[in-house]
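Visitor: First, the structure itself, so that you have it in front of you.
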Amino acid sequence: MSSNHPGLSNNFSRSGEKFSWSKDNLRSIKNIISKYPKGREQSAVMPLLYLAQEQNNNWISIECIETIAETLNMPKIRVTEVASFYSMYNTRPVGENLVQICRTSPCWLRGSNKITKTICKETKCEINDTSDDNKFTVVEVECLGACSNGPMIQINNDFFEDLDEESTKKIIDNIKEGKPNVIGSQKGRRSSENA
Amino acid sequence: MSDDLINIKVNQKEIQVDKNLTVMQACEIAGEEIPRFCYHDKLSIAGNCRMCLVEIEKAPKLVSSCTMPLMDGMSIITNSEKVNAGRKGVMEFLLINHPLDCPICDQGGECDLQDQAMYYGFDKSRYKENKRAVDNKNMGPLVNTIMTRCIHCTRCVRFATEVAGVPELGMLGRGENAEITTYLEQSITSELSGNVIDLCPVGALTSKPYQFKARPWELKRTDSIDIFDSVGSNIRVDSRAEEILRVTPRTNEYINEEWISDKVRFNYDGYYQQRIDTPYIKEDQKLSISNWDESLKVLKDKLKTLKPLALIGEHVDLETGYAIKKFMSNYGKDNVECRTDNHTILESLDSYRFNTPLNDIENSDLIILVGTNPKIETPIINHKIFKAYNNDAKVFNIGENISLNYKTEYLGESLSSLNNENLIKALKKSSNPLMIIGSAFLNKIKNIKTLKSIFSYADKYKVITKEKNNLNFLNPYASRVGQLIIGNTTNNLCEPFSNLKKDNFKLVLSFGSEHIANQQFNNCFKVYFGHHGDDGAMGSDIVLPTPLYTEKNGTFVNIEGRPQEAKKCHNPIGSAKEEWSILKKLSDELSFEFIPNTFDQLRSELFDKYPVLSDYHEIITVENSTSITPDIEFEDCKAEYPVSNFYMSDVISKNSVTMAKCVEEIISTPSLLEKSA
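Chains as they are written, first to last, in this note's numbering: chain A, 1 to 195; chain B, 196 to 872.
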């Protein structure tokens with residue numbers, strides 16, 4: 001995976017703004033922590049990183065790490081280790097929509113190059129770049145585990161599968177216009193049933 | 196007993212071992228050496244270097260022996276072709292990204308990777324792709340990093356978390372991108388941080404002050420003792436010609452295990468700064484260079500007419516102390532004082548030493564710190580308290596609300612906080628409570644009843660029982676316990692220094708004690724025997740150069756009451772002479788009955804007088820003293836801690852450039868976090 005992926009860098013930066021949990025998140029945190037045995041609250045670090053990323057415009061700043069460390073009463077370096085290990089925690093600011101294009105062999109054989117080109121054209125940004133309007137960040141990644149439905153992309157938490165140039169353009173257009181998208185296969189197939 | 200033993204075979208040799216061991220430990224018992232990088236017997240098991248592969252019969256693949264528990268009847272093979280090939284494979288992977296810079300690497304010659312590559316390395320590389328390079332990380336003024344050399348064994352990370360108790364190091368990223376770093380590249384704030392240098396099996400973490408200074412095979416090794424705190428950590432001093440180039444620990448499982456504090460490891464550059472190399476005499480309010488004949492003649496004349504008082508400093512060894520005692524006995528009694536900080540004691544040994552053997556601290560379930568900051572006074576003892584804390588011991592603190600690397604419950608600033616309800620409740624529940632009374636209070640006590648009350652309190656709450664004595668007294672000075680054993684003190688139990696009858700003495704001899712600068716001696720003729728020009732020397736009328744602890748042989752008794760020897764590493768700087776030989780010369784000229792002709796005679800006379808001291812490395816045993824008062828009463832005194840700055844606590848470390856850098860970068864520089872706030 002390219003080390004330019006926002007989730008795979010070891011360098012964290014400050015946002016410059018104070019990060020404190022929203023009221024909703026405070027409620028969820030209480031809920032999450034209660035799932036773990038007493039004295040093992042630190043196990044909740046991964047769900048909390050997710051919450052922080054959601055609340056902090058899709059990335060983990062040093063302020064987020066410090067708040068999580070304080071909430072779970074664990075060393076900051078331990079939170080940093082987890083956040084840097086997993087690629088789904090972005091260590092630098094990204095656009096509202098993080099578009100991850102799978103380029104591993106099965107998707108590539110089914111034409112992921114074309115999808116990449118279409119996305120770059122439609123979002124007006126290069127690979128590893130964020131668009132000027134801060135709507136999109138586009139990155140190429142290795143296998144996301146939906147090989148039988150390739151080519152596919154992941155936008156934030158959703159998979160879009162069985163893509164061609166047309167459906168890809170539609171998805172991007174819908175996002176731009178704020179319209180909802182169909183998640184999953186764009187050819188109407190359920191899961192990975194025979195096409 | 197036999198329940199715990201199982202039969203296994205190592206290379207077809209049958210042995211019986213404890214079933215709780217790992218395969219690696221069993222192999223070691225069987226005498227088979229297993230190569231390893233990540234495994235270290237003082238740290239938790241990680242199992243990530245894969246170097247310790249062995250073959251186990253009936254197991255389909257090679258297994259890493261450090262993580263594998265033993266089973267009855269297991270047959271382990273450590274020397275087969277398969278094992279060798281496996282280890283060679285692991286080594287090839289480790290070397291893929293390891294730079295070939297051994298010729299310029301400080302670890303060269305004492306590098307685990309280099310050594311093991313001799314056995315398992317390939318002579319050429321099959322790797323054609325780009326090697327990875329990693330940015331060096333800042334870890335502070337002591338630890339130098341060349342992170343491309345790192346093989347990700349995580350020993351340093353585990354050390355920082357488990358031993359030093361400062362979880363500041365970590366491994367970021369994964370796979371190809373894994374990097375060891377401190378949080379936001381801040382300096383490590385531990386007093387034990389230098390030990391990661393010894394732990395690092397490659398040259399990724401090396402000593403900054405020792406960088407490019409020497410090769411291990413050109414160094415002369417001398418066994419010595421850490422005299423910068425009272426623990427008496429065992430050290431080895433490495434020197435070339437007349438210069439000490441580095442200080443590393445010697446393993447002593449009873450005292451420092453494998454660790455030493457950063458102060459003794461790095462302050463050796465201070466040994467050669469501001470040294471007094473020749474005698475000085477004060478003329479017209481200014482010290483001017485003199486010579487031995489002249490200065491001793493002046494001193495002799497003074498000694499003929501004036502009644503002297505001897506002050507003993509914190510770095511004075513026992514032989515010197517004994518010579519001083521013998522010399523001063525010609526002038527009567529009560530004229531030698533080592534408790535220049537007003538340290539209150541009772542007569543018996545158990546009222547001024549650490550009565551619990553240091554290794555037993557970790558077995559305690561309740562620790563009360565009374566007027567002591569072990570983190571900066573004695574980092575090794577702090578590590579042992581941290582071990583107890585990790586075994587679920589509760590730690591209480593009385594005095595100032597100091598910050599330590601573990602949680603304490605703060606009870607209050609005066610001794611009477613010992614009567615705190617929470618504490619009493621916890622004491623009653625505790626099965627092995629331990630008290631540490633520090634100098635912050637001991638030096639302030641005005642009424643001996645208070646100290647006796649502490650004994651009664653300890654007796655009442657089972658800190659002292661017939662089997663054990665867990666009432667401990669902690670002072671940070673290496674010389675103190677030994678000097679008190681040979682009786683180099685006056686008979687005032689409380690405030691000995693303040694109560695000295697100043698009018699009686701017109702001549703003060705200070706043996707490395709800075710307290711000679713105290714204004715109460717303003718009317719006295721002052722003579723300073725020492726090695727560093729500081730306050731003590733500046734204010735004196737005669738300054739006589741004496742050798743540093745590395746420049747003479749000497750015995751020190753550590754805080755537990757364990758005599759140990761510090762050996763001479765090189766000749767004294769300048770014209771420095773050992774104290775006993777100066778005193779010998781003086782007493783010959785004054786026709787006193789004195790002092791043997793050689794150091795060995797002096798030492799054997801000392802041992803004849805105090806046979807317990809000759810038993811090196813054994814703790815002196817005493818009966819529990821019975822100084823118990825029926826009513827417990829604590830006076831109100833304010834804690835004043837003897838050490839406020841770990842890196843600059845004595846004349847030697849004050850003159851060390853490395854220690855000055857530590858103060859600047861670790862203590863004075865606010866962390867990045869505070870900067871941004």
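Glycine included, each C-beta is placed from N, C-alpha and C at the ideal position.
(1) Show which residues of chain C have a CB atom less than 7 Å away from the CB atom of R103 of chain A.
(2) Throw me the rounded Cβ distance for the V249 of chain B and I224 of chain B pair, which I believe falls under 8 Å.
(3) Using a C-beta to C-beta distance shorter than 7 Å, which residues of chain A count as neighbours of D342 of chain B?
(4) What does I56 of chain A reach in chain B if we use C-beta pairs closer than 9 Å?
(5) Could you check whether the Cβ of N90 of chain A sits closer than 8 Å to any Cβ belonging to chain B?
(6) Roughly how many angstroms lie between the CA atoms of N748 of chain B and R757 of chain B, to the nearest whole one?
(7) Determine the chain A residues that contact P362 of chain B at a beta-carbon separation under 9 Å, and present them in chain order.
(8) Does any residue of chain B have a CB that is nearer than 8 Å to the CB of F85 of chain A?
(9) Determine the direct distance from the alpha carbon of G389 of chain B to that of H347 of chain B, and round the result to whole angstroms.
(10) What residues in its chain sit with their C-beta under 8 Å from that of R435 of chain B, if we drop five residues either side in the sequence?
(11) Is the beta carbon of R382 of chain B sitting closer than 8 Å to the one on G335 of chain B?
(12) Closer than 8 Å, CB to CB, is N175 of chain B near chain A or not?
(13) Run through the stretch 436 to 496 of chain B for me and flag every whole alpha helix (DSSP H) of 4 or more residues, listed as ranges in chain order.
(14) So, for E380 of chain B: in the same chain, excluding its five sequence neighbours on each side, which residues have a beta-carbon less than 6 Å away from its beta-carbon?
(15) How would you write the range of the alpha helix (DSSP H) that Q796 of chain B sits in, first residue to last?
(16) If you count every other CB in all the chains shown that lies within 10 Å of the CB of R282 of chain B, and 16 or more means buried, which is it?
(17) Run the CB neighbour count on S799 of chain B, radius 10 Å, all protein chains shown included, and call it buried at 16 or more, exposed below.
(18) By DSSP's criteria, T340 of chain B is part of a beta bridge. Which residues make up the other side?
(19) Looking at L265 of chain B and V218 of chain B, is the spacing between their C-beta atoms short of 8 Å?
(20) Suppose only complete runs of 4+ residues qualify. What are the alpha helix (DSSP H) ranges in the stretch 523 to 604 of chain B, listed by chain order?
(21) For N687 of chain B, I'd like the list of residues in its chain whose CB is within less than 6 Å of its CB, leaving aside the five on either flank, ordered along the chain.
(22) Rounded to whole angstroms, how far is the Cβ of E709 of chain B from the Cβ of V565 of chain B, which I believe are closer than 8 Å?
(23) Check the Cβ of E81 of chain A against every Cβ in chain B and list those closer than 7 Å, keeping chain order.
(24) Which residues of the stretch 377 to 395 of chain B have a Cβ closer than 8 Å to any Cβ of chain A? Give them in chain order.
(25) What residue range is occupied by the uninterrupted beta strand (DSSP E) comprising S776 of chain B?
(26) For K179 of chain A, which of helix, strand or coil comes out of DSSP?
(27) Since N157 of chain A meets chain B, which of its residues come closer than 8 Å, beta carbon to beta carbon?
(28) Buried or exposed: which applies to K639 of chain B, given that a residue is buried once 16 or more other Cβ atoms fall within 10 Å of its Cβ?
(29) Give me the subset of the stretch 1 to 22 of chain A whose CB atoms are less than 7 Å from a CB atom of chain B, sorted by chain position.
(30) Leaving aside the five residues before and after S185 of chain A along the sequence, list all residues of the same chain whose C-beta is less than 7 Å from its C-beta, in chain order.
(31) CB-CB under 6 Å to N174 of chain A, same chain, minus the five flanking residues each way: which ones, in chain order?
(32) Can you tell me whether DSSP reads I127 of chain A as helix, strand or coil?
(33) Going by the beta-carbon positions, is the gap between F354 of chain B and P404 of chain B smaller than 8 Å?
(34) At a threshold of 7 Å, does I563 of chain B count as lining the ligand ATP (C-beta to nearest heavy atom)?
(35) Quick check on this structure: which residue in B:W775, B:D421, B:L216 has the alpha carbon closest to the alpha carbon of N792 of chain B?
(36) Measuring CB to CB, does R431 of chain B end up less than 8 Å from T443 of chain B?
Guide: Put simply:
(1) Looking for chain C here will not work: the only protein chains present are A and B.
(2) Contact flag wrong, Cβ pair sits at about 14 Å.
(3) Note that residue 342 of chain B is Met in the sequence shown here, rather than Asp. Simply none; closest approach about 11 Å.
(4) The residue you asked about is not Ile; residue 56 of chain A is Asn in the sequence shown. Ordered by position in chain B, no residue passes the 9 Å Cβ test against N56 of chain A, which lies about 17 Å from the chain.
(5) no
(6) 17 Å
(7) M74, P75, K76, I77, R78
(8) yes
(9) 18 Å
(10) A409, E413, L414, K415
(11) The sequence shown places Ser at residue 382 of chain B, rather than the Arg named in the question. Contact flag set, yes.
(12) Chain B is shown from 196 up to 872; residue 175 of chain B falls before or after that span and cannot be answered.
(13) 457 to 461
(14) K332, N333
(15) 794 to 804
(16) buried
(17) exposed
(18) B:L400
(19) yes
(20) 569 to 572, 574 to 585
(21) N694
(22) Incorrect: roughly 26 Å between the Cβ atoms, too far for contact.
(23) G365, M366, L367
(24) T377, Y378, L379
(25) Here S776 of chain B belongs to no beta strand (DSSP E); instead the alpha helix (DSSP H) covers 774 to 784.
(26) coil
(27) Result: empty, since nearest Cβ-Cβ is about 22 Å, beyond 8 Å.
(28) buried
(29) S3, L8, N10, R14
(30) N149, E161, D162
(31) N181
(32) coil
(33) no
(34) No copy of the ligand ATP appears in this structure; indeed no ligand is present at all.
(35) B:W775
(36) yes
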